[in-house]
Amino acid sequence: MHIKHGRVTRALQDVNELISRVRKMTQQQQEYRNALRRNPKHIFSEFGVARHQRLEEIHQQFDEERKHFDNIHRSLARLANDEKDVIDFNEIRILSERVELSRRVHDELAEIVLNIFEVETNLRLNFPELFWGAAGFNFRTHVWEEWVKEEGLTSGDSLEMLLGGLFAPNQDFVYPLPWAWEEQEVGFIPDIVMDELDDEIDAETVQYIPKGIPWAEVVELWKPVFSALAQRGSFTFTTEAFTEEELTRWACTPDAVDLWVQFFHSEIVVQEQAQENSNGSDECQLLIRYVLADDPQLEGLHGKLLRTSIAQESALRVRWSGLDMSPYTITIVER
C-alpha cells in the first residue's frame, strides 16, 4: 500500500523489517536442523515441538509473499516509468534491491524447511529404532546426555547433589526374594479340619447389633437451637451461641453435629404428626419429633418450612477442641 501511494521511504522500512523477520525464522530452523543432525531424538524434544509450532507462522509468511510480491514489482515498475519527476529514482532502485533480497531470503528459508522435512522423513523411514522408547529411566541418556551436557550445571554443589544419591553410604533395605516366595506358598487343609471349622462357624453365629444414635444427648443439644428458632425465626451455629461446656458436649457428640449436614442438604417441613413408616428413615424428622415432644412450648413450629445455609463470613467458623464446623444457619421460611 505504501508503494502504491508513492510512500517509498515507508515501504523501504517495511521491507527491511520483513527481511529481519525472515532471517530470524531461518536462524531458528538452522539451529533445529543442526541439533537434529547431532541427536535425532530432538524430533520429540521441546526443541522439536517448538519448531513444529513455528511452522504455521512460516506457512503464513510464504502465503504473504505469494500474494503481495507480484503487486510490489508492478507498483515499482509503474513508479519508475510514470513518476520519475516526483519520486527520487535512486530510492526506487534501493527499494527494488531490498525487495529482491527479501525474495532470496524467503527462498533460503524454504530450502532449509524442505531440507528438515527430508531429514525427518529419512530418519523415520530408515532408522525407526532411534525413536523406540527406552525401557525405563537411564541415567546416562536422560540425565547426563540430555540434561547435563546440553544445559550444564549452575555450580559444583549441583553436581554433588546429583551424584550423591547414586553413591550414598546408607542403602535402603531390600527384602530378599525368598521372603516374597514364602508369602506365596499355598498348602492344603485336611478335609476333617475343614469340617470342624464349618461346624464351629455354624455354632457361633454372632448377631449384629447396629449402633444407634444417643437421642437423649442429641435432643439436649438441639433444644436451644429450636427454642431460638421459635423465638427469632433463625439460629446460627457460632462459638458465641453456646457456653464452653455446651461446645465441649457438641464436640463429644458427633451424631448431633452430623444432623446439621442433613438439614443443610434438604428443606425440612415440620410434620403435624408422625408419618407411618418414618421410624429411623428420616433422622431430621425424628430429631424434630423428639425435641417437640420434650418441650411442648415448641408446638408452634408445626407446619413450618426449615431451610439451612452456611454463613459467608469465614470468621464465624466454629473451632473448638475436637470441633471444626461451618457456621450453619437454620431459618424458618415463610410460605
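Just so we're aligned, residue 24 is where the sequence shown starts under our numbering, counting upward by one. Note that CB positions come from ideal geometry on N, CA and C, so glycine has one too.
Extent of the continuous alpha helix (DSSP H) run through residue i
i      : result
Val284 : 277 to 287
Ser181 : 179 to 187
Where the beta strand (DSSP E) containing residue i begins and where it ends
i      : result
Arg312 : Segment 306 to 317 is the alpha helix (DSSP H) holding Arg312; no beta strand (DSSP E) there.
Thr331 : 328 to 333
Val341 : 341 to 343
Val166 : Run containing Val166: none; DSSP gives neither H nor E here.
Residue i, DSSP secondary structure in three states
i      : result
Phe258 : strand
Thr49  : helix
Val293 : coil
Thr352 : strand
Leu346 : strand
Leu176 : coil
Ile139 : helix
Asn302 : At Asn302, the pLDDT of 45 sits below 50, so the modelled position is not reliable; the number obtained from the coordinates is stated separately. Asn302 falls in the coil class under three-state DSSP.
Asn62  : coil
Asn113 : helix
Ile42  : helix
Pro237 : coil
Pro199 : coil
Ser68  : coil
Phe150 : coil
Phe190 : coil
Asn161 : coil
Thr266 : coil
Glu357 : coil
His82  : helix
His325 : coil
Distance between beta carbons of residue j and residue i, contact taken as under 8 Å
i      : j      : result
Leu378 : Leu309 : With the chain running from 24 to 358 in the structure shown, residue 378 is simply not present.
Leu146 : Pro63  : 5 Å
Ser125 : Leu41  : 6 Å
Lys246 : Asp305 : That pair is no contact at about 19 Å.
Gln52  : Ile135 : 5 Å
Thr276 : Val241 : 6 Å
Same chain, Cβ closer than 6 Å to residue i, neighbours up to 5 away in sequence not counted
i      : result
Phe258 : Val248, Ala251, Leu252, Ile353
Same chain, Cβ closer than 8 Å to residue i, five either side skipped, listed in chain order
i      : result
Val341 : Phe260, Thr261, Thr262, Leu270, Asp347, Met348, Ser349, Pro350
Leu329 : Leu252, Phe286, Glu290, Ile291, Val292, Val293, Ile353, Thr354, Ile355, Val356
Ile117 : Leu35
Val216 : Any reading at Val216 is ruled out, since the residue's pLDDT is 49, under 50, leaving its predicted position unreliable.
Sequence-distant residues of its chain with Cβ nearer than 7 Å to residue i (five each side left out)
i      : result
Arg272 : Leu244
Gln294 : Gln308
Ala274 : Trp343, Ser344, Gly345, Leu346
Glu143 : Ile66
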